[in-house]
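In terms of the numbering used here, the sequence shown is residues 11 to 828.
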Amino acid sequence: MRTVLLTTSVFALAAAYGGTAFAQDTTQAAAPVADDIVVTGSRGQARTVTTSPTPIDVISGEQIAQLGGSMQLRDVLSQLVPSFQSQQVGSSSWNSVSRPAGLRGLSGVHVLVLVNGKRRHNSALIDLNSGSTSMGGNPVDLDQIPTSAIARIEVLRDGAAAQYGSDAIAGVINVILKDNPEGGSGSIEAGQRYKDSVNGSDGETISAQLSKGFHLGENGSIVLSAEGKLQNATVRNSDYTGRVYSRINGANDPREATADRRRYQGGLPQLHSIQLAENSHIEAGDLTIYTNATFGYREARVGQAGRYPSTTSDIVEIYPDGFTPYYTLQETDWQATAGMKQAVDGWNLDLSTTYGRDYARSGADNTLNASLGTSSPTSFDTFSSAFDQWTTNFDATKGFEVMGGRNLQVSSGAEFRYESYVTKSLDRLSWYNGGYTYPSGSALAGQPAAVGAQGATVVTPSDEANAKRTIGAAYLDLALDVTDRLLVTGAGRFETYDDSSGSVWSGKISGLWKATDWLNFRGAFSNGFRAPSLSQQAYAQTATQVSLVNGSYQLIESKIVQTGSAIAQALGAKDLKPEKSRNYSFGVTLTPLAGFTLTVDAYQINIDDRITLTGLLSSAGVRQILRDNGFSGDQYVRFFANAIDTRTRGIDAVANYSFTLGDFGQIRASAAYNYNKTKITHVADNPEELANLGLTLFDRQTRGYFTVFTPKDKIILGLNWSKGPVSINAKETRYGSWKALANDPASDQSYGAKWITDLEVGYRITEKMKVAVGAYNVFNVYPDKNTVANTIGSSPYGSNSPFGAYGGYYYGRLSFDF
């Protein structure tokens, strides 16, 4: 990895001395420009941001490149799109790497991702972060798309299942790749976190990006892009309050006074990654042949909670003073698309096929399976997971003159999709019960040791998933310019699944009325759906996790069981069915001044039968069911269910104003605001099997994840000033307050709103090279501290903070064109 980064950097620096001028500086806050042309949500006829009947954000490649050296792509979107939110999860195995994110108060599984208008494959890593509202889903991993390859991103903030299919309940993210036939750009960036009083400086990161375009024939092009990143871990912890060493003859072990109580190493992961991309097209007469592909590989290591010699998780002959296990990940991701476009009798035809695959191998090191005693290995490959998706599309669009010369755009098409999700148990010793019992002379004498690799997620052979399905779909999309000032669009789609999802119809109608040359009104209504993900239907695991139980954070063993398993059926589980949605939106766009735009959109999203994990189920009856199925009975059990109906109401407002100060330079100012409130309107009836055990399907703590666990509002204020070679970017972001509910209201926690300041100063050395220094979270703001007992020594701050719990980060960057 270091060789790849060094080679890329040297090549990039050498290439920087022979090119064109660097792109115009832009502000960091997303703000639509009146004449930005968009293709998402409007088949067959490109429209501008302010004349689109549904709200769209356009994010330029320059904005993405400016942030992408230090941040993952999902964090870049969170910085730029007010209604997009990403959590910086710590010590949560793969969710610390592939983090939860969502749009308009919903989760990643409710957002459809396209690349050049074609469906992107999902991740093999499923979302199991505590508090996530996409529990068990496997959303698209945006971070596997190299930012160096991106020309722009269009974010459609409206339901679009009738146009694009399942998952598009909250909106669509369309990643448009670069297609320049010549020239290139690149950057090298390095930075680290502010010094922490306990852990010192950490989070050191170095990244390199490069993109270069070439001619293919007279009118074709190919763009090759690459980037690599090395990132050290970031850790924020506290003191472990329990006993480190067992008592000796009733007295404290002398080592207790000097014991290391900071063994918790959860936080942002150690990460090595490389991404590549290709985008090309070549023209042969009226036929255009195109391809694009991406490839990503990353390795990650995530610290977990410490294990101590006074507990049954340790074997003192291997780790005399205890140990900190680490989750490990090796992941390979790729997608390739090939297609052709041609005009035939006025119809623009597009035939394409796309295959994508994500393969992940999970494990743990610096660990053990205590039940194997002194013969236990200290590293394991626990399981692998793979998601495959093959999508073939045929699309046709044509404009007709009707009603005395009015334009009617007719688009239709069909899609066939194959999906597969497979998990395989790997190292038998990671889950095997070796039956070790602590010998006489030990303070734990006679007690059985804990079973399973510590700090790992384990899939047993009985947990393995092997799920497949095929999907067929057809759609019709119409857009009619009724008058010069009135646009009406409508779409209908039929999808059929060969699994329990069945067949689904969805439709959408939207409109735009140009009241004046500078004032437009728009609105839309649609119904949509999201089919249960294959992972929600088939995934099962056993893992140790940090959870709020009985008013304190504890390390527990949690087992997720398949909905169709004997355990789940004994607890009242039922086959999953699709989520159904109804979307309403109304907005206004204004361009009253040159260089000024304002869009305001209100919305309501109703979702029935939302799928999530149940609460943690534990009782004497649950323990007996587990034992009857071959498990120890010590686990808390969860399974997926169509648990709730929700209603999300919100508003988006985005303003942008660009103007000149004459001899004092140019300014681009922006402001964006989002407000979301989700209410649970119905909870599924408690299964009789759970009621008989005195348990609740969906407890208070789990309900709080949907209603109050993320901020209801976000404000982004951006200001860019430039004069000659100097530019200054400043951004202020306010994240609203949020809460963490517990089953006992006395243990509820509240976290206040925070303002986060980002600042960057840039200087153009030459027309083709620029240097910049800056910082995210300049004033080193942290979320409020937890108020419940923290016995395991984890981070003292709110773990679900939308801006992270790791303080400020400063960096330097050299960027160039060639």
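Think of the CB as a built atom: it goes at the ideal place given N, C-alpha and C, for glycine as much as any other residue.
When Ile183, Ser176, Gly169 are compared, the shortest CA-CA separation from Ile163 is found for Ile183.
Secondary structure at Gly521: strand, using DSSP grouped into helix, strand and coil. Counting C-beta pairs closer than 8 Å gives three or more between the segment 460 to 476 and the segment 420 to 437, which meets the contact rule. The Cβ neighbour count for Gly71, taken over all protein chains shown within 10 Å, is at least 16; the residue is labelled buried. Contact between the segment 761 to 774 and the segment 725 to 738 is present, with at least three C-beta pairs closer than 8 Å. In this structure, the alpha-carbon of Val354 lies about 60 Å from that of Ser440. The beta carbon of Ala550 lies closer than 6 Å to those of Asp473, Ile570, Val571, Gln572 in the same chain, with the five residues before and after it left out. DSSP places Ala653 in the uninterrupted beta strand (DSSP E) bounded by 650 to 670. CA-CA distance, Gln314 to Val245, rounds to 10 Å. With a contact defined as Cβ atoms closer than 8 Å, Ala681 and Leu727 qualify at about 5 Å.
In this structure, DSSP gives Asn790 a state outside helix and strand, which the three-state scheme calls coil.
Taking Lys239 as reference, the option from Pro191, Ile481, Pro156, Gln634 with the minimal CA-CA separation is Pro156. The continuous beta strand (DSSP E) containing Gln345 extends over residues 336 to 354. By DSSP's assignment, Glu505 forms a beta bridge with Ala483, Val514.
Collapsing the DSSP output to three states places Glu164 in a strand. Between the alpha carbons of Pro264 and Arg371 lies a distance of about 42 Å. DSSP places Trp748 within a strand segment (E or B) once states are collapsed to three. Relative to the Cα of Asn753, the nearest Cα in the group Tyr715, Pro330, Pro458, Tyr255 belongs to Tyr715. Take Tyr786, set aside five residues on each side of it, and the residues of its chain with a beta-carbon closer than 6 Å to its own are Asp768, Tyr819, in chain order. Annotation for Thr251: Thr801 place their beta carbon closer than 6 Å to its own, counting only its chain and skipping 5 residues before and after. Bridge partners of Glu429 according to DSSP: Gln399, Arg479. Around the beta carbon of Met81, 16 or more other beta carbons lie within 10 angstroms, which makes this residue buried. Ile136 and Ser195 have their C-alpha atoms spaced approximately 34 Å apart.
In this structure, DSSP gives Glu237 an extended state, which the three-state scheme calls strand. A Cβ-Cβ distance of about 21 Å is found for the pair Lys590 and Phe649, leaving them out of contact under the 8 Å criterion. Counting along the chain, Phe813 sits inside no beta strand (DSSP E), nor does DSSP assign it H or E at all. Rounded to whole angstroms, Gln95 and Pro458 show a C-alpha spacing of 44 Å. Under the three-state reduction of DSSP output, Gln219 falls in the strand class. DSSP places Ser362 in the strand class (E or B) of the three-state scheme.
Counting only the Cα atoms, Ala463 lies some 9 Å from Tyr442.
The DSSP-derived three-state label of His120 is helix. By the neighbour-count definition (other C-beta atoms within 10 Å, threshold 16), Asp585 is an exposed residue.
In the same chain as Asn229, and ignoring 5 residues on each side of it, the C-beta atoms closer than 6 Å to its own belong to Glu293, in chain order. Judged by DSSP secondary structure, Gly631 falls within the alpha helix (DSSP H) whose first and last residues are 630 to 638.
Taken in chain order, the unbroken stretches of alpha helix (DSSP H) that lie wholly in the segment 59 to 111 and span 4 residues or more are 71 to 78, 83 to 90. A Cβ-Cβ contact shorter than 9 Å links Gln219 with Glu237.
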